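Structure first, commentary second.
Residue numbers (the working numbering): 54 to 445.
In structure tokens, the structure reads:
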């Protein structure tokens with residue numbers, strides 16, 4: 054209440070996230086009448102029952118959808134649109150007096166802020182015209198006002214296409230897209246190698262290539278620079294994971310076919326070394342470009358979070374190349390190839406939300422899976438870790 058009093062002293066009011074109150078609605082009467090409740094939901098749903106509960110309490114509340122721009126290399130556009138429209142619709146039906154469109158930057162805000170421009174525009178359109186604001190009018194206005202292109206320019210269609218691609222089956226997930234993890238996943242032992250459908254990766258790659266070609270013609274320089282960089286980053290992530298899948302598949306085929314000619318094994322190792330070496334060089338160029346994109350918009354503060362992740366990924370490339378080179382030497386001298394990677398040590402390398410998953414798995418070891426809150430159990434189940442294993 055001291056915070057409330059401090060705000061009131063300056064003619065302001067405080068806002069409170071309402072999710073705790075949804076579990077304990079009896080606490081609402083302990084809050085002063087001028088405290089504004091914020092009902093946040095970031096996933097598309099058929100209905101948002103919380104709006105009805107908050108409306109029944111007789112308190113002022115706003116609905117808070119999200120841009121779906123975080124935990125992904127490109128915004129989950131379809132989810133953002135459905136989330137904004139649906140939550141505003143239900144909020145209006147139950148007495149919400151406003152909408153706060155939220156935008157986050159989990160794990161270092163590695164996505165450029167300009168990627169949220171389209172969801173921002175959608176939020177403005179829905180706030181002004183209601184949840185049934187015409188999609189075609191929104192797209193045309195965005196093209197003209199934000200991209201400085203013709204109303205029917207394919208640049209907006211490319212936004213929708215890439216937004217769909219990052220949410221394709223095995224890539225899309227609640228509150229995130231595995232497109233981001235594909236960028237940072239371990240090159241030889243990453244969890245996504247066996248998890249992501251190659252067809253989804255091909256769709257992601259195609260959408261990124263089409264977006265790159267289209268966005269390269271956008272006349273507004275700040276948007277053009279950011280969007281083409283992200284298209285290249287998505288393209289790299291898709292090709293990186295696709296190459297990892299191809300390498301592991303080839304190695305497993307070698308393991309399954311006993312007595313494979315040594316020359317065939319060496320050719321496979323040479324291909325893997327060449328591909329990972331080329332990717333490592335591409336990564337270095339993208340890191341340099343990432344830093345330039347960041348500094349066009351922000352100070353260096355917190356850039357280290359993402360640069361450290363890139364450095365850790367580069368170290369994994371170095372380790373993978375060293376292991377492959379060692380394996381080549383062993384095979385050349387007549388020793389067997391470790392095609393199943395038993396001797397390959399990825400250590401405790403984890404990236405992005407896998408860092409948080411590691412903490413949750415330690416909690417599972419301490420208290421047991423069944424003792425966790427239902428939402429945490431659901432999160433682990435969705436991540437393929439329902440039994441507290443490492444999923445691989």
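A virtual CB, placed ideally from N, CA and C, is assigned to each residue, including glycine.
Fair warning: this is a prediction, and the values are worked out from it, not measured in the lab.
Within the region 158-223, the complete alpha helix (DSSP H) segments of 4 residues or longer fall at 159-162, 170-182, 188-198, 207-218, listed in chain order. Contact between the region 329-337 and the region 379-386 is absent: fewer than three C-beta pairs spanning the two stretches fall below 8 Å. DSSP places residue 70 within a strand segment (E or B) once states are collapsed to three. Rounded to whole angstroms, the separation of the alpha carbons of residue 285 and residue 219 is 14 Å.
Pairwise C-beta distances place the region 235-242 out of contact with the region 191-198, as fewer than three of them are shorter than 8 Å. Under the DSSP assignment, residue 93 falls in the beta strand (DSSP E) whose first and last residues are 89-93. For the pair residue 184 and residue 137, the Cα-to-Cα distance works out to about 8 Å.
Look at residue 390 here: in three-state DSSP terms it is coil, with no helix or strand label. When the five nearest sequence neighbours on each side are left out, the beta carbons in the same chain lying within less than 7 Å of the beta carbon of residue 208 are those of 196, 200, 202, 267, 268, 271, in order along the chain.
With contact defined as three or more Cβ pairs closer than 8 Å, the region 311-331 and the region 403-410 are not in contact.
Here DSSP, grouped into helix, strand and coil, assigns residue 270 to coil. For secondary structure counted as the beta strand (DSSP E) over 3 or more consecutive residues, the region 218-264 holds no complete run. A direct Cα-Cα distance of roughly 34 Å separates residue 377 from residue 263.
Classified as exposed, residue 434 has fewer than 16 neighbouring CB atoms from the shown chains inside 10 Å of its CB. The region 101-112 makes contact with the region 72-85, as at least three CB pairs between them are under 8 Å.
One thing to note: residue 224 has its Cβ within 8 Å of the Cβ of residue 253.
C-alpha of residue 244 to C-alpha of residue 289: approximately 18 Å in a straight line. The C-alpha of residue 274 lies about 54 Å from the C-alpha of residue 389. Residue pairing from DSSP places residue 115 in a beta bridge opposite 91, 151. Within the same chain, and ignoring the five residues on either side of residue 66 in sequence, the residues whose Cβ sits closer than 8 Å to its Cβ are 57, 60, 87, 88, 89.
Shortest Cα-Cα distance from residue 141 to any of 70, 132, 153 involves 153.
The three-state reading of DSSP puts residue 424 in helix, counting H, G and I together. In this structure residue 227 touches residue 96 by the C-beta definition: roughly 6 Å separates them, less than 8 Å. Taking the C-beta atoms as reference points, residue 165 is found no nearer than 8 Å to residue 121. Boundaries cannot be given for residue 127, as no alpha helix (DSSP H) includes it and DSSP labels it neither H nor E. Beta-carbon to beta-carbon, residue 155 and residue 93 are separated by about 6 Å, close enough to satisfy the 8 Å threshold. In this structure, residue 356 sits away from residue 342, with a CB-CB distance that is not shorter than 8 Å.
At the C-beta level, residue 216 and residue 131 come within 8 Å of one another. Contact annotation, residue 397 with residue 365: C-beta distance approximately 17 Å; criterion of less than 8 Å not satisfied. Of all alpha-carbon atoms in 257, 214, 422, 135, the one lying nearest the alpha-carbon of residue 231 is that of 257. For residue 77, no alpha helix (DSSP H) run applies, since DSSP gives it neither H nor E. By alpha-carbon distance to residue 91, the top candidate from 265, 148, 412 is 148.
Secondary structure note for residue 359: its alpha helix (DSSP H) is the uninterrupted segment 356-385. Of the residues 418, 413, 54, the one whose Cα lies closest to the Cα of residue 432 is 413. Residue 175 sits away from residue 146, with the two beta carbons spaced by 8 Å or more. In this model, residue 393 and residue 322 are separated by some 13 Å (Cα to Cα).
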